[in-house]
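Enquirer: Numbering (the numbering used here), first residue to last: 992 to 1297. Glycine is no exception: its CB is placed at the ideal position from the N, C-alpha and C atoms.
Have a look at this one:
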């Protein structure tokens, strides 16, 4: 059995086992996630992600492990920005705390499938047209510059959102009390609940964020195994991170600037390859880690005035 196959089996086992354990046993009943529980889950998923990086280093080599960690940290930073949007969605639709875990759980299930499809498609395109990586590089530099000057929206009118209007056109929804259910029977007719609508919008948000995160991951590594596993491990810790950072997420206001520098640096790495200048995996990891730690320290040292 090849080392890569062993890692794939270990990855799939961890994902299936703990997702089943999560919804089937630990969170079978709707309840609000405590700070202690969120902290323990966050520590658990970070530990599992680091153990997997160790496995990659042992079986596939240090270079692959550094690629994995660079992609993982980049996705983590992008996830923090995603958390901010999810927080706005929950606030806008007044999703009770006891149901937020359920929405995020199914959001992650959708992400597992959609990211897999996107990464498979991206790998096929890159194998046929290698120059697409240079387009990714240019997109990342543009996105990074735009992100540096962009201000977060504190309020979004989701009723004017295209996906909101589309799903309302295709399906019947009811604003009746859902009690955590996605499907409701009202006056003899079946309707989708507001909670299901929130799941759809969260899924769509992940698709939008994947447009940034996947080019970034492919710019770090063209190995679909590294890209997929780093993305999924970062996303799996997203739910716990949401409940842990919900109260303080606004305080890390410089993370957006740090992320912009990472996207610009990764994009520049791809474009420098055109002229034969190669940036090592170790250097890429150092840049990503420095931007992450630096932006967090800057947020704490220079707090935003509310």
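On the CB-based measure, 16 or more other CB atoms within 10 Å of its CB, does residue 1003 come out buried or exposed?
Expert: The residue you call residue 1003 lines up with position 12 of the chain shown. Exposed, because fewer than 16 other Cβ atoms sit within 10 Å of the Cβ of residue 1003.
Enquirer: Could you say which of 1253, 1287, 1034, 1293 lies nearest to residue 1275 if we only look at CA atoms?
Expert: Against the chain shown, residue 1275 aligns to sequence position 284. The candidate whose alpha carbon is nearest that of residue 1275 is 1253.
Enquirer: I need the straight-line Cα distance from residue 1011 to residue 1074, nearest angstrom please.
Expert: Locating residue 1011 in the chain shown gives position 20, where the first residue counts as 1. Locating residue 1074 in the chain shown gives position 83, where the first residue counts as 1. Approximately 23 Å, taken between the alpha carbons.
Enquirer: In chain order, which continuous runs of the alpha helix (DSSP H) of length 4 or greater are located wholly inside the segment 1217-1287?
Expert: With a minimum length of 4 residues, the continuous alpha helix (DSSP H) runs that stay inside the segment 1217-1287 are 1229-1236, 1246-1263.
Enquirer: How should residue 1058 be labelled, buried or exposed, when 16 other C-beta atoms within 10 angstroms of its C-beta is the threshold for buried?
Expert: Numbered from its first residue, the chain shown carries residue 1058 at position 67. Looking at its Cβ environment, which holds 16 or more other Cβ atoms inside 10 Å, residue 1058 is buried.
Enquirer: So what does DSSP say about residue 1007, is it helix, strand or coil?
Expert: By one-based count along the chain shown, residue 1007 stands at place 16. Residue state, collapsed to three classes: helix.
Enquirer: If you drop the 5 nearest sequence neighbours on each side, which residues of the same chain put their C-beta closer than 6 Å to that of residue 1196?
Expert: On the chain shown, position 205 is the one that residue 1196 refers to. Taken in chain order, the residues that qualify are 1076.
Enquirer: Examine chain C for any beta-carbon lying closer than 8 Å to the beta-carbon of residue 1003, and answer yes or no.
Expert: In the structure shown, chain C cannot be found, because there is only a single protein chain.
Enquirer: Which residue comes first and which comes last in the alpha helix (DSSP H) that contains residue 1036?
Expert: Working through the chain shown from its first residue, we reach residue 1036 at position 45. Where residue 1036 is concerned, the enclosing alpha helix (DSSP H) stretches over 1026-1050.
Enquirer: To which residues does DSSP link residue 1184 through a beta bridge?
Expert: If you number the chain shown from 1, residue 1184 lands on position 193. DSSP lists 1165 as the bridge partner or partners of residue 1184.
Enquirer: Could you check where the alpha helix (DSSP H) with residue 1123 kicks off and where it finishes?
Expert: Walking along the chain shown from the start, residue 1123 turns up at place 132. Element bounds for residue 1123: 1123-1140.
Enquirer: Just the C-alpha distance for residue 1161 and residue 1190, rounded to the nearest angstrom, thanks.
Expert: The residue labelled residue 1161 in the question sits at position 170 within the chain shown. The residue labelled residue 1190 in the question sits at position 199 within the chain shown. Looking at the two C-alpha atoms, the distance is approximately 16 Å.
Enquirer: Could you spell out the range, first to last residue, of the alpha helix (DSSP H) harbouring residue 1177?
Expert: Reading the chain shown from its first residue, position 186 is the one you call residue 1177. Run containing residue 1177: none in the alpha helix (DSSP H); it sits in the beta strand (DSSP E), 1174-1177.
Enquirer: Give me, in chain order, the residues of the same chain whose beta-carbon lies closer than 8 Å to that of residue 1136; leave out the 5 immediate sequence neighbours on both sides.
Expert: In the chain shown, residue 1136 corresponds to position 145, counting from 1. Counting only Cβ-Cβ distances below 8 Å, and skipping sequence neighbours, we find 1251, 1255.
Enquirer: Would a C-beta distance cut-off of 8 Å place residue 1204 and residue 1069 closer than the cut-off?
Expert: Counted from its first residue, the chain shown places residue 1204 at position 213. Counted from its first residue, the chain shown places residue 1069 at position 78. A contact, by the Cβ cut-off of 8 Å.
Enquirer: Run through DSSP, which three-state label would residue 1084 get?
Expert: Taking the first residue of the chain shown as 1, we reach residue 1084 at position 93. Residue state, collapsed to three classes: coil.
Enquirer: Between residue 1093 and the ligand PLP, is the CB less than 7 Å from at least one heavy atom?
Expert: Of the ligands one can find in the structure shown there are none, so the ligand PLP has no counterpart to examine.
Enquirer: Compare the Cα-Cα distances from residue 1025 to each of 1164, 1234, 1053 and report the closest residue.
Expert: Sequence index remark: in the chain shown, residue 1025 carries index 34 (1-based). The shortest C-alpha separation from residue 1025 is found at 1234.
Enquirer: Do the CB positions of residue 1123 and residue 1130 come within less than 8 Å of each other?
Expert: Working through the chain shown from its first residue, we reach residue 1123 at position 132. Working through the chain shown from its first residue, we reach residue 1130 at position 139. The answer is no: Cβ separation not under 8 Å.
Enquirer: Could you give the distance in angstroms between the alpha-carbon of residue 1249 and the alpha-carbon of residue 1066?
Expert: In the chain shown, residue 1249 corresponds to position 258, counting from 1. In the chain shown, residue 1066 corresponds to position 75, counting from 1. The straight-line gap from Cα to Cα measures roughly 13 Å.
Enquirer: Residue 1171 by DSSP, collapsed to three states: which one?
Expert: Numbered from 1 along the chain shown, position 180 holds the residue referred to as residue 1171. It is coil, neither helix nor strand.
Enquirer: Going by DSSP in three states, residue 1068 sits in which element: helix, strand or coil?
Expert: For the purposes of this step, residue 1068 is identified with residue 77 of the chain shown, where counting begins at 1. Helix at residue 1068.
Enquirer: Exposed or buried, residue 1089, counting other C-beta atoms within 10 Å across all chains shown (16 or more means buried)?
Expert: Sequence index remark: in the chain shown, residue 1089 carries index 98 (1-based). Its Cβ having fewer than 16 others within 10 Å, residue 1089 is exposed.
Enquirer: Do residue 1102 and residue 1226 have their beta-carbon atoms positioned less than 8 Å apart in this structure?
Expert: For the purposes of this step, residue 1226 is identified with residue 235 of the chain shown, where counting begins at 1. For the purposes of this step, residue 1102 is identified with residue 111 of the chain shown, where counting begins at 1. Yes, these two residues count as a Cβ contact at 8 Å.
Enquirer: Helix, strand or coil for residue 1214 per DSSP?
Expert: Numbered from its first residue, the chain shown carries residue 1214 at position 223. Note: residue 1214 maps to coil in three-state DSSP.
Enquirer: If we ignore side chains and look at the alpha-carbon of each, how far apart do residue 1128 and residue 1178 end up?
Expert: Walking along the chain shown from the start, residue 1128 turns up at place 137. Walking along the chain shown from the start, residue 1178 turns up at place 187. Roughly 54 Å between the two C-alpha positions.
Enquirer: For the candidate residues 1199, 1170, 1223, whose alpha-carbon lies nearest to that of residue 1039?
Expert: By 1-based counting over the chain shown, the position of residue 1039 is 48. Nearest C-alpha to residue 1039: 1223.
Enquirer: Please report the distance separating the alpha-carbon of residue 1284 from that of residue 1163.
Expert: Position 293 of the chain shown, counted from the start, is the residue given in the question as residue 1284. Position 172 of the chain shown, counted from the start, is the residue given in the question as residue 1163. Taking the straight line joining both Cα atoms gives about 46 Å.
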